[in-house]
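Inspection log for the structure reproduced underneath, given as structure tokens.
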Amino acid sequence: MERMCVAVAQEQTTSRLSLRICRATRVRLQAIQTHPAMAPPPAAISHLPSSIPAGDGLIHVRVLPPSKLTLYQLNYKYPLKLISPAPTQWAKSLTVFVLSYGGGLVSGDAVNMRVVVEDRGKLCLQTQGTTKIFKQTPSSPPTIQRMTVRIHPNASILLLPDPVQPFASSNYIQHQIFELEDTVNDTSSLVVLDWVTEGRAARDEHWSLTRFESRNEVFAVPLDKPQNDSKEEGKEEGKETKNQRGKLLLRDAMILDNSADEIYGETLRERQDSQTIFATIIIRGKMFAQLIEYIKARYAGEPRIGQKRWDTDDDSRRHSRVEIEARECGVIWAASSVRGFLLVKVSGVEMEGVKRFVRGLLAEVDGDGVVNADGCIEREFGKGMFRCLTIDAV
Numbered sequence: 001m002e003r004m005c006v007a008v009a010q011e012q013t014t015s016r017l018s019l020r021i022c023r024a025t026r027v028r029l030q031a032i033q034t035h036p037a038m039a040p041p042p043a044a045i046s047h048l049p050s051s052i053p054a055g056d057g058l059i060h061v062r063v064l065p066p067s068k069l070t071l072y073q074l075n076y077k078y079p080l081k082l083i084s085p086a087p088t089q090w091a092k093s094l095t096v097f098v099l100s101y102g103g104g105l106v107s108g109d110a111v112n113m114r115v116v117v118e119d120r121g122k123l124c125l126q127t128q129g130t131t132k133i134f135k136q137t138p139s140s141p142p143t144i145q146r147m148t149v150r151i152h153p154n155a156s157i158l159l160l161p162d163p164v165q166p167f168a169s170s171n172y173i174q175h176q177i178f179e180l181e182d183t184v185n186d187t188s189s190l191v192v193l194d195w196v197t198e199g200r201a202a203r204d205e206h207w208s209l210t211r212f213e214s215r216n217e218v219f220a221v222p223l224d225k226p227q228n229d230s231k232e233e234g235k236e237e238g239k240e241t242k243n244q245r246g247k248l249l250l251r252d253a254m255i256l257d258n259s260a261d262e263i264y265g266e267t268l269r270e271r272q273d274s275q276t277i278f279a280t281i282i283i284r285g286k287m288f289a290q291l292i293e294y295i296k297a298r299y300a301g302e303p304r305i306g307q308k309r310w311d312t313d314d315d316s317r318r319h320s321r322v323e324i325e326a327r328e329c330g331v332i333w334a335a336s337s338v339r340g341f342l343l344v345k346v347s348g349v350e351m352e353g354v355k356r357f358v359r360g361l362l363a364e365v366d367g368d369g370v371v372n373a374d375g376c377i378e379r380e381f382g383k384g385m386f387r388c389l390t391i392d393a394v
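Numbered by full-length UniProt numbering, the letters in the sequence shown go through residues 1 to 394 in order.
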């Protein structure tokens, strides 16, 4: 009988204790509801759409007060992949790596990227290796990669990817559009490197592609307008303006077509004259004025035909170390000013030689190959911007 009484007493005590815990928990929940300071933080508000088409990507760079560079938006979908390392406290720019699953683009892949760099923003787009273009299958369309970049006033972008590597029987179309909002004061700045290699030389692929097409277009566009602008704006008497994008400033294209053998009487490989890589560099903007002047001065000092300077009577000129290295690697280059742009064309017999040469141009090396410690790109964007130009260790 005593044991039963003890058991009943213990059960009553446990029930009372549970009731007290429930009451205490209820009071705490009420306190959280009545005191916002004690409430858990609300869920982050996403500015990104719930779903995007396959292959689409968005990169939006914004500077938050007082001067913090942030990736306001970063979104992508297969087969595109975007990776951005966390910036350090002293980072001068943001870096985003543009990748693809499997290390390349297969036949029929379509990538469509949109990039926005707002006022005072600095962005560097890079890759982690060559963009491999696999062969086209009979039932698939060409591989397509499009990118539109909007550069606000006082903003700048570096596009420094590794070269495109089209495999045998590949069909690739690349279209890159750059929209500059400030071409009056020239504060919308860019450096673009667009280059292509012959393919997999180890598998005897020497320009064995079916077709390669790369276009770069730069437009002068008006400042971004609010989205609630009248739909009738931009129309005149019921007719839309011919060019909604803006004024075309520069258009550069490279087309390599193996189907034109009958026209030229020789194969694409024969027409390349042993050149294994072609590169185009486009530079514009007040931020890179020093770089532009450096390249102009360096090109002005190049001999025009053979070893002779035809603008002087001196053909015994001492050639610098970088000139000798470029000649040994079969590097051929030219630079010209077009509507405020500096357009540089480079080709070469050896991949490593072209890499070394282009790196020397962008790093503003002297005659002995020493990098200028106060070069434009490193000063404005920081170190690590020339990963695509790193020479492979032997």
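Virtual Cβ for every residue (Gly too), placed ideally from N, Cα, C.
Notebook entry, point to check: When the Cα atoms are used, what is the spatial distance from W333 to P65?
Noted result: 43 Å
Check: Any idea what DSSP makes of S320, helix, strand or coil?
Finding: coil
Margin query: Measuring alpha carbon to alpha carbon, tell me which residue in A253, Y264, R245, L343 is nearest R284.
Written below: L343
Checklist line | 8 Å CB neighbourhood of Q30 in its chain, flanking five on each side removed | finding: Reliability fails at Q30, whose pLDDT of 43 lies under 50, so the model's placement of it is uncertain and no value is given.
Notebook entry, point to check: When burial is assigned at 16 or more other CB atoms within 10 Å of the CB, is D182 buried or exposed?
Noted result: buried
Check: Near G369, what residues of its chain come up, given a Cβ to Cβ distance below 8 Å and the 5 sequence neighbours on each side ignored?
Finding: R321, V322, E325, G360
Next item on the list: Using the Cα positions of V218 and G121, report the straight-line distance between them to the nearest angstrom.
Entry: 19 Å
Checklist line | Pair within 7 Å by beta-carbon distance, P163 and T137 | finding: For P163 and T137, no; Cβs fall outside 7 Å.
Check: Cβ of L99 within 7 Å of Cβ of C388?
Finding: no
Item checked: Proximal residues to G353 (C-beta, below 6 Å), its chain only, five neighbours per side dropped -> C329, V331
Item checked: Pick from E179, F288, G108 that is closest to P141, judged by C-alpha positions -> G108
Notebook entry, point to check: Where R83 and S208 are concerned, what is the direct C-alpha to C-alpha distance, given to the nearest angstrom?
Noted result: Rather than Arg, the amino acid found at residue 83 in this sequence is Ile. About 32 Å.
Check: For the segment 199-214 against the segment 287-305, are there 3 or more C-beta pairs whose distance is under 8 Å?
Finding: Under the three-pair Cβ rule at 8 Å, the segment 199-214 does not count as touching the segment 287-305.
Notebook entry, point to check: Helix, strand or coil: how does DSSP classify E270 here?
Noted result: Of the three classes helix, strand and coil, the one that applies to E270 here is helix, per DSSP.
Check: In angstroms, rounded to a whole number, what distance separates the CA positions of T280 and V346?
Finding: 6 Å
Note to self: Looking only at its chain, what residues have a beta carbon closer than 8 Å to the beta carbon of I295, apart from the 5 residues adjacent to it on each side?
What the structure shows: I283, A335, L342, V344, L361
Notebook entry, point to check: Mapping DSSP to helix, strand and coil, what is M385?
Noted result: Per DSSP, reduced to three states, the secondary structure at M385 is coil, with no helix or strand assignment.
Check: In or out: Y264 buried (at least 16 other Cβ within 10 Å) or exposed?
Finding: Its Cβ having fewer than 16 others within 10 Å, Y264 is exposed.
Margin query: Using C-beta distances below 6 Å, list every residue in its chain close to R62, excluding the 5 sequence neighbours before and after it, in chain order.
Written below: T70, Y72, E118
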